[in-house]
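In this note's numbering, the protein residues as written are 151 to 240.
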């Protein structure tokens, strides 16, 4: 995704590496809650407007992402329950 590694569950994107962080799909409610944390910012790939169900987690050290494992697990479960959408043919 955006030229960076992306991670899927049941064929649906739940996380991707972007810039100096990891974009993660969560519920809009959880995203709003997590945005109050210092290391979490709105996910705005390529300078686009923030995405309501996406956050970006930024850590200076890769080992620190382990502290957010519950967010990644919640993301997998959230995305897993979303309906699969069919892609439009170009």
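Just so you know, even glycine gets a beta-carbon here, dropped at the ideal spot from N, CA and C.
Work out the CA separation of residue j and residue i for me, nearest whole Å.
i           : j           : result
residue 156 : residue 186 : 25 Å
residue 161 : residue 195 : 21 Å
residue 209 : residue 184 : 14 Å
Got a sec? Which residues, its chain only, sit under 7 Å from residue i by beta carbon, not counting five neighbours each side?
i           : result
residue 222 : 165 and 174
Does the beta-carbon of residue i have 16 or more other beta-carbons within 10 angstroms, so that it is buried, or is it exposed?
i           : result
residue 220 : exposed
residue 154 : exposed
residue 212 : exposed
Assuming residue i contacts residue j under a Cβ cut-off of 8 Å, what Cβ separation, rounded to an integer in Å, is found between them?
i           : j           : result
residue 206 : residue 158 : About 18 Å separates the two Cβ atoms, so there is no contact after all.
Tell me which same chain residues have a C-beta within less than 8 Å of the C-beta of residue i, skipping the five on either side of it?
i           : result
residue 224 : 176 and 180
Spatial neighbours of residue i within its chain, please: C-beta separation below 6 Å, excluding the five flanking residues on both sides.
i           : result
residue 191 : 206
Q) On the three-pair Cβ rule with 8 Å, is the region 161 to 178 touching the region 198 to 217? A) yes
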